[in-house]
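> For the sequence shown, our numbering gives the first residue as 25, with consecutive numbering after it. Even for Gly, the Cβ is constructed at its ideal location relative to N, Cα and C. The model shown is predicted, which means the values in this text are computed figures rather than measured ones. Can you keep this structure in mind? I'll have questions shortly.
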Amino acid sequence: MKYKIAVLSGDGIGPEVTKESEKILGSISEKFGHQFEYDYQEVGGVSIDKNGVAITEEALGSCLENQAVLFGSVGGPKWDDPNSEIRPEDGILKLRKQLDLFANIRPAKVYKSLIDSSPLKREILEDVDFIIIRELTSGLYFGEPKKRWKDNGKRIAVDTLKYDEDEIRRVVKVGFEMAKKRKKVLHSLDKMNVMATSRLWREIAEEVSSEYPEVELIHMLADNAAMQIITSPSIFDVIVTENTFGDILSDEAAVIGGSMGMLPSASLSSIPGSNENNSSKPALYEPIHGSAPDISGKGLANPVASVLSTAMMLRWSFGLDEEASCIESAIDELIESGARTKDISLASEEFLSTQEMGDKIVSKILNNE
Ligand code: IPM
Ligand code: MN
């Protein structure tokens with residue numbers, strides 16, 4: 025089969041890690057006989073420099089024509105002027121909105137052999153393996169009004185937190201569908217003690233829960249959850265929450281395992297496992313880490329997050345389960361047997377470059393039965 029992928033590698037380490045993902049797809053083609061076709065488009069700072077905008081209409085249009093989008097990262101000090109009207113991040117926000125990527129899936133997994141790279145104690149981290157589902161196309165990120173102005177010389181700004189019931193229902197359903205296939209416990213996070221949107225969120229979550237009697241729904245305040253992620257992360261299996269809470273908590277969850285360089289993400293426009301809300305729009309896959317300008321161009325980036333995002337693409341966009349598992353077990357084996365990039369190595373340890381780690385993954389894939 026032939027699969028068409030839009031590749032938007034962006035800024036900083038984005039291009040370096042995306043290149044390794046393509047290399048890994050090359051080994052998957054070789055082993056399983058698929059064909060992957062790439063459509064390269066610009067996004068972020070590179071697009072601002074060249075086209076004056078963080079993503080062009082043409083680039084957005086061609087994303088829609090592919091079956092999936094592989095995204096690197098955007099941003100860097102060069103484009104960080106807070107007074108600038110155009111920001112690299114606008115590129116990813118536009119993509120999320122235009123592709124209707126309402127469900128962002130962020131796994132927080134702790135590799136046993138990396139526990140010592142984590143800032144948390146070993147006992148706390150044993151058996152930690154949960155996923156955060158973050159609403160991605162509404163809430164504070166997109167609500168209107170969103171602006172800043174002056175009143176009698178005083179500077180004022182506003183962002184708007186708004187959700188309608190359909191936006192809540194579809195993402196909560198993703199939570200239930202995932203929970204159904206895992207440990208059958210779903211934590212829904214909100215701030216219902218303060219916010220109207222959170223009270224609506226809770227009400228809708230309760231309504232949806234009647235369609236999933238096999239799944240236990242637990243509501244938790246988001247601030248309490250922030251604490252529990254540190255003190256007892258193993259209580260979680262699937263978490264669903266709104267855009268901003270999900271943004272903050274998923275960064276928190278990503279570091280407990282030791283490195284953001286290990287964690288992938290998928291952004292979907294339909295509910296996996298359900299026929300409802302089926303979308304023909306491509307899903308987007310990206311590492312959780314950002315553009316890391318301090319290490320870019322030095323071969324120090326860990327390609328694993330991008331490669332695992334590519335595995336998620338194979339599974340969810342193309343239905344290639346075996347191929348996805350083949351990548352995931354190659355990485356598991358390599359990490360457990362001591363392969364390290366700089367971010368996950370201890371101070372005195374030897375480490376592999378971005379490319380060398382990519383090569384190791386390739387040979388593991390080709391040599392594994
Ligand atoms: C993320 C990032 C983005 C966000 C930025 C780059 C706009 O932090 O994907 O979590 O805030 O959503
Ligand atoms: Mn973030």
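Got a sec: does the ligand IPM put a non-hydrogen atom nearer than 6 Å to the Cβ of D271?
yes
> For V386, which residues of its own chain have a beta-carbon under 7 Å away from its beta-carbon, when the five flanking residues on both sides are left out?
K47, I48 and S51
> Would you kindly work out how many angstroms separate the C-alpha atoms of K55 and E352, rounded to a whole number?
15 Å
> For S304, which option in K205, E159 and I295 has the closest C-alpha, if you only look at C-alpha atoms?
I295
> Cβ of V98 within 7 Å of Cβ of P112?
yes
> Taking A78 as the reference, give the member of K118, S258 and Y64 with the closest Cα.
K118
> Quick one: does the C-beta of E109 sit closer than 6 Å to a heavy atom of the ligand IPM?
No; taking the cut-off as 6 Å, the Cβ of E109 has no heavy atom of the ligand IPM nearer than that.
> I need the DSSP call for I312, collapsed to helix, strand or coil.
coil
> Restricting to runs no shorter than 4 residues, where is the alpha helix (DSSP H) found entirely within the region 309 to 363?
328 to 340 and 345 to 360
> Please classify Y135: does DSSP put it in a helix, a strand, or coil?
coil
> For a test of your reading of the model: does the CB of E427 fall under 6 Å from any non-hydrogen atom of the ligand IPM? Yes or no.
Since the first residue of the chain shown is 25 and the last is 393, residue 427 is not available in this structure.
> Between the region 100 to 111 and the region 251 to 259, can you find at least three pairs of beta-carbon atoms closer than 8 Å?
no
> Compute every distance between the C-beta of E159 and the non-hydrogen atoms of the ligand IPM, then say whether any falls below 6 Å.
no
> Spatial neighbours of R339 within its chain, please: CB distance less than 6 Å, with the 5 preceding and 5 following residues excluded, ordered by chain position.
Within the same chain, R339 has close Cβ partners D345 and A348.
> Quick check on this structure: which residue in E380, C350 and G115 has the alpha carbon closest to the alpha carbon of N391?
C350
> How is the alpha helix (DSSP H) around F56 delimited, first residue to last?
G38 to F56
> Compare the C-alpha of P101 against each of G285, E147, N217 and S320 and name the closest.
Measuring C-alpha to C-alpha distances from P101 to each of G285, E147, N217 and S320 identifies S320 as the nearest.
> Given that a residue counts as buried once 16 or more other Cβ atoms are within 10 Å of its Cβ, and exposed if not, what is R130?
Label assigned to R130: buried.
> For G167, which of helix, strand or coil comes out of DSSP?
strand
> By Cβ distance, which residues of its chain are closer than 7 Å to N267, with the 5 residues on each side in sequence left out?
R158, E159, L160, S162, G163, L164 and Y165
> Around the Cβ of L88, are there at least 16 other Cβ atoms within 10 angstroms (buried) or fewer (exposed)?
By the 10 Å Cβ count, L88 comes out exposed.
> Please report the distance separating the alpha-carbon of A132 from that of L287.
7 Å
> Counting beta carbon pairs with one atom in the region 202 to 214 and one in the region 173 to 186, are three or more of them shorter than 8 Å?
no
> Is the Cβ-Cβ distance between S315 and D104 less than 7 Å?
no
> With hydrogens ignored, establish whether the beta-carbon of E40 is closer than 6 Å to any heavy atom of the ligand IPM.
no
> What are the boundary residues of the beta strand (DSSP E) that includes R158?
D153 to E159
> Output the distance between the C-alpha atoms of R179 and K170, rounded to the nearest integer angstrom.
14 Å
> Near E373, which residues of its chain fall below 7 Å by C-beta distance, leaving aside the five closest residues on each side in sequence?
R364
> Below 6 Å, is the gap between the Cβ of E201 and the nearest heavy atom of the ligand IPM?
no
> Report all residues from its chain with a CB closer than 6 Å to the CB of V134; omit the five preceding and five following residues, and keep chain order.
Cβ within range, chain order: L149, V152 and G281.
> Check for me: the beta strand (DSSP E) holding A34 runs from which residue to which?
For the sequence presented, residue 34 should be read as Gly rather than Ala. That run of the beta strand (DSSP E) goes K26 to G34.
> Is E113 near the ligand IPM, going by C-beta to nearest heavy atom under 6 Å?
yes
> Between which two residues does the alpha helix (DSSP H) containing D73 stretch?
G69 to N75
> Is L210 near the ligand NAD, going by C-beta to nearest heavy atom under 6 Å?
Inclusion of the ligand NAD in the displayed structure is not the case, the ligand content consisting of the ligand IPM and the ligand MN alone.
> For the candidate residues S274, N90, E235 and I242, whose alpha-carbon lies nearest to that of S298?
E235
> Answer yes or no: do V196 and A229 have a C-beta to C-beta separation smaller than 7 Å?
yes
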